[in-house]
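*Asks:* Here the first sequence stands for residues 4 to 396, where the numbers follow the working numbering.
What follows is a single structure, and I will ask about it in a moment.
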Amino acid sequence: MQGTEYGDEDLKKAMASELRERLKLAEKEGRPLRVYCGYDPTSTDLHLGHTISMRKLRQFQDLGHDVTFLIGSYTALVGDPSDKNKARPILTEEKVAENAVTYAEQAFRVLDKTKTKVRYNGEWLSKLTLVDLIRLGQNFTVQQFLARDNFANRMEKGEAIYLHETFYALMQGYDAVAMETDVQVGGSDQLFNIIVAGRKLQEALGQKPLVGIITGILPGTDGVQRMSKSTGNVVPINSGANDMFGKLMSVPDSAMGTYLRLASRWSPHEIDQMEKDVASGALHPRDAKMKMAGDIVGIFYSDEEAVSAQENFIKTFQQKEVPDDIPEYDLKDGQTVLDVILDAKLAPSKSEARRLFDQKGVRLDGETVERGDIPFPHAGVLQVGKRRFLRVK
RNA sequence: GGGCAGUUACCCAAGUGGCCAAAGGGGACUGACUGUAAAUCAGUUGUCAGAUGACUUCGGAGGUUCGAAUCCUUCACUGCCCA
4 MQGTEYGDED
14 LKKAMASELR
24 ERLKLAEKEG
34 RPLRVYCGYD
44 PTSTDLHLGH
54 TISMRKLRQF
64 QDLGHDVTFL
74 IGSYTALVGD
84 PSDKNKARPI
94 LTEEKVAENA
104 VTYAEQAFRV
114 LDKTKTKVRY
124 NGEWLSKLTL
134 VDLIRLGQNF
144 TVQQFLARDN
154 FANRMEKGEA
164 IYLHETFYAL
174 MQGYDAVAME
184 TDVQVGGSDQ
194 LFNIIVAGRK
204 LQEALGQKPL
214 VGIITGILPG
224 TDGVQRMSKS
234 TGNVVPINSG
244 ANDMFGKLMS
254 VPDSAMGTYL
264 RLASRWSPHE
274 IDQMEKDVAS
284 GALHPRDAKM
294 KMAGDIVGIF
304 YSDEEAVSAQ
314 ENFIKTFQQK
324 EVPDDIPEYD
334 LKDGQTVLDV
344 ILDAKLAPSK
354 SEARRLFDQK
364 GVRLDGETVE
374 RGDIPFPHAG
384 VLQVGKRRFL
394 RVK
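Structure follows, in structure tokens:
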């Protein structure tokens with residue numbers, strides 16, 4: 004039950020003991036537990052936040068259980084109201100299908116491909132009739148839904164709560180039924196969907212209610228808000244080791260503990276020790292964060308790549324040197340510095356580029372370029388801001 | 001179906017005829033500093049133009065006015081109350 008977050012001790016105890024029971028039962032029946040976690044393909048890229056539950060799945064997998072990576076092809080059409088204070092725009096079926104393809108593939112950076120079942124919940128949800136849906140709805144009261152945090156908040160603020168949003172929990176609950184789930188993994192924002200909807204529906208339909216494994220929620224690079232694409236604070240898992248390392252280094256110190264606990268490979272004991280060392284001054288906070296970044300990068304890439312990402316980072320940001328692999332650009336006749344910046348998309352508009360010059364944010368081979376309307380002086384490395392580099396030839 | 005309130009830039013939000021390219025906050029970006037793309041401090045944050053200039057923007061479309069984010073008409077959307 005490591006790294007779990009129920010927000011309620013009693014619930015946690017109950018779930019832990021149910022899990023023990025369930026394990027015993029499964030052993031008696033000589034079968035592994037059926038474990039799943041669902042992911043709605045609402046964007047093309049998975050980020051670190053998604054992987055917290057995936058790593059839990061991986062643990063079950065390593066222990067020999069039967070793990071399903073469920074792609075919420077149907078639930079994505081509705082949009083989960085859980086993590087929102089706003090209704091999510093409804094995706095088209097084509098978009099969902101397109102996203103779904105890239106999802107599983109990225110998931111295998113964490114999960115064992117040979118032991119993972121990939122399924123789509125459209126498989127059974129598309130077959131439900133209106134009557135079926137109504138029957139499912141009979142198991143819940145409106146009050147139960149209105150009591151949920153997110154709905155209650157929106158209610159209070161006078162924001163719209165659409166009727167279709169309430170279907171989401173029913174759909175997810177039905178997933179559990181369709182797969183005869185023993186264990187469902189999900190973030191604490193899924194508490195209602197898992198513990199209330201899933202368990203209730205299973206019971207109502209004559210199954211043993213599932214055991215919910217509720218993981219903590221990873222904050223984004225701002226260190227406060229939940230990691231989510233729409234907030235723009237994500238650490239993508241597919242953007243390269245260097246980028247991932249850098250993004251992890253930009254996480255504020257205050258969120259380091261959460262990151263270590265949820266996303267690193269260290270045991271709680273090792274993490275406690277690390278925090279003690281930082282507190283006592285034995286370990287520099289910057290170095291602790293580097294260790295953290297290196298470890299997490301190592302999970303998705305390799306430890307070698309993590310080391311080189313770290314070297315790259317030190318070079319670029321601590322010693323302010325030019326990183327190794329940077330894009331190249333062929334200078335054309337008569338181009339000004341401004342032209343090059345716009346053409347290479349180092350700035351989105353002329354006005355913005357001009358501001359960068361005013362703010363001394365443009366350098367060529369380390370020398371500040373004061374204005375953009377001059378012909379490009381000479382070949383060299385053009386740096387815009389801290390992070391954008393271009394080798395101009 | 002009726003009544004009332006609302007829709008402002010990436011997000012929240014002020015502005016109720018000219019002093020509005022539009023306060024404030026968040027975010028983002030840049031710089032300084034540093035322990036890092038952390039923290040802190042300062043600046044920038046519609047587009048275009050060799051400055052004080054031009055153009056587009058305040059839900060959509062029309063209109064009144066010398067002049068509209070602000071007034072009127074209409075349409076769309078949201079909330080609340082009544083049914």
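Cβ coordinates follow ideal geometry from the N, Cα and C atoms, glycine included.
Remember, it's a predicted structure, so these values are computed and weren't measured experimentally.
Report the three-state DSSP secondary structure of Lys16 (helix, strand or coil).
*Replies:* Three-state DSSP puts Lys16 in a helix.
*Asks:* Using a Cβ-Cβ cutoff of less than 6 angstroms, which residues in the same chain neighbour Arg25 once the five nearest sequence positions on both sides are dropped?
*Replies:* Asp185 and Val214
*Asks:* What would DSSP say about Val365, mapped onto helix, strand or coil?
*Replies:* Here Val365 carries a strand assignment [DSSP, helix/strand/coil].
*Asks:* DSSP on Gly209, reduced to helix/strand/coil?
*Replies:* coil
*Asks:* Could you pull the start and end residues of the alpha helix (DSSP H) that Ile274 belongs to?
*Replies:* Looking at the DSSP string, the run of the alpha helix (DSSP H) that includes Ile274 is Pro271 to Ser283.
*Asks:* Hey, quick one: how far does the beta strand (DSSP E) through Leu349 stretch, first residue to last?
*Replies:* Taken as a continuous stretch (DSSP letters only), Leu349 belongs to no beta strand (DSSP E), as it is neither H nor E.
*Asks:* Find the nearest neighbour of Glu21 within the set Gly75, Asn153 and Ile198, judged by alpha-carbon distance.
*Replies:* Ile198
*Asks:* Use the C-beta contact count for Val99: other C-beta atoms within 10 angstroms, 16 or more gives buried, fewer gives exposed.
*Replies:* buried
*Asks:* Of the residues Gln187, Glu370, Ile137 and Phe248, which one's Cα is nearest the Cα of Thr169?
*Replies:* Ile137
*Asks:* Is any heavy atom in the ligand COA found nearer than 7 angstroms to the beta carbon of Asp346?
*Replies:* In terms of ligand content, the structure shown is empty, and the ligand COA therefore cannot be addressed.
*Asks:* Taking only the alpha-carbon atoms, compute the straight-line gap between His167 and Leu173 and give it to the nearest angstrom.
*Replies:* 10 angstroms
*Asks:* How many whole angstroms separate the CB atoms of Gly41 and Asn124, which I take to be in contact at a CB cut-off of 8 angstroms?
*Replies:* 7 angstroms
*Asks:* What's the gap between the Cα of His50 and the Cα of Gly337?
*Replies:* Between His50 and Gly337, the C-alpha separation is close to 42 angstroms.
*Asks:* To the nearest angstrom, how far is it from the Cα of Gln228 to the Cα of Gly260?
*Replies:* 15 angstroms
*Asks:* When we look at the beta-carbon of Lys89 and count the other beta-carbons within 10 Å, is it buried (16 or more) or exposed?
*Replies:* For Lys89, the pLDDT reaches just 48, beneath the cut-off of 50, and the residue's location in the model is therefore unreliable, although a value from the coordinates is still provided. Lys89 comes out exposed.
*Asks:* If you draw a straight line from the alpha carbon of His53 to that of His381, how long is it in whole angstroms?
*Replies:* 45 angstroms
*Asks:* Anyone know if the C-beta pair for Ala309 and Ala244 falls short of 8 angstroms?
*Replies:* Yes. Within cutoff.
*Asks:* Taking C-beta to C-beta, are Phe316 and Phe248 nearer than 8 angstroms?
*Replies:* yes
*Asks:* Within 10 angstroms of its Cβ, does Asp69 collect 16 or more other Cβ (buried), or is it exposed?
*Replies:* buried
*Asks:* With distances taken between CB atoms, is the gap from Leu404 to Arg61 smaller than 8 angstroms?
*Replies:* The structure shown does not extend to residue 404, since the chain is modelled only from 4 through 396, so no value can be given for it.
*Asks:* What does the alpha-carbon distance come out to for the pair Gly223 and Val238?
*Replies:* 7 angstroms
*Asks:* Under three-state DSSP, which class holds Arg374?
*Replies:* Under the three-state reduction of DSSP, Arg374 is assigned to coil, being neither helix nor strand.
*Asks:* List the endpoints of the continuous beta strand (DSSP E) containing Leu173.
*Replies:* Not the beta strand (DSSP E): Leu173 falls in the alpha helix (DSSP H), residues Leu166 to Ala181.
*Asks:* Entirely within the stretch 15–64 and at least 3 residues each: give me those beta strand (DSSP E) ranges in chain order.
*Replies:* Taking 3 residues as the shortest admissible run, the stretch 15–64 contains the following complete beta strand (DSSP E) segments, listed from N- to C-terminal end: 37–42.
*Asks:* Tell me, please, which residues DSSP counts as bridged to Pro239.
*Replies:* Beta-bridge partners of Pro239 (DSSP): His50.
*Asks:* Buried or exposed: Ser56, going by 16 or more other Cβ atoms within 10 Å of its Cβ?
*Replies:* buried
*Asks:* How about Leu334 and Phe392: are their beta carbons less than 8 angstroms apart?
*Replies:* no
*Asks:* Tell me which same chain residues have a C-beta within less than 8 angstroms of the C-beta of Arg264, skipping the five on either side of it?
*Replies:* Take Arg264, set aside five residues on each side of it, and the residues of its chain with a beta-carbon closer than 8 angstroms to its own are Gly6, Gly219, Pro271 and Ile274, in chain order.
*Asks:* In this structure, how does DSSP classify Glu307 when only helix, strand and coil are distinguished?
*Replies:* helix
*Asks:* Quick one, are the C-beta atoms of Gly439 and Ile344 less than 8 angstroms apart?
*Replies:* No answer is possible for residue 439: the residues shown for the chain start at 4 and end at 396.
*Asks:* Roughly how many angstroms lie between the CA atoms of Ile164 and Arg157, to the nearest whole one?
*Replies:* 7 angstroms
*Asks:* Identify, in the order they occur along the chain, each residue of the same chain with its Cβ nearer than 8 angstroms to the Cβ of Lys87, setting aside the five sequence neighbours on each side.
*Replies:* Low confidence applies to Lys87: its pLDDT is 48, below 50, so where it sits in the model is not reliable, and the reading given next is rough at best. Correct list, in chain order: Asn153.
*Asks:* Give the straight-line distance between the Cα atoms of Leu221 and Gln147, rounded to the nearest whole angstrom.
*Replies:* So the two alpha carbons sit approximately 27 angstroms from each other.
*Asks:* Rounded to whole angstroms, what is the Cα-Cα separation between Ala3 and Gln175?
*Replies:* Residue 3 lies beyond the stretch modelled for the chain, which goes from 4 to 396, so this question has no answer here.
*Asks:* In the DSSP assignment, find the unbroken beta strand (DSSP E) run with Gly125 in it and report its ends.
*Replies:* That residue, Gly125, is in no beta strand (DSSP E); its alpha helix (DSSP H) goes Gly125 to Leu128.
*Asks:* Quick one: what does DSSP say Leu133 is sitting in, helix, strand or coil?
*Replies:* Shown here, Leu133 sits in a helix according to DSSP, grouped into three states.
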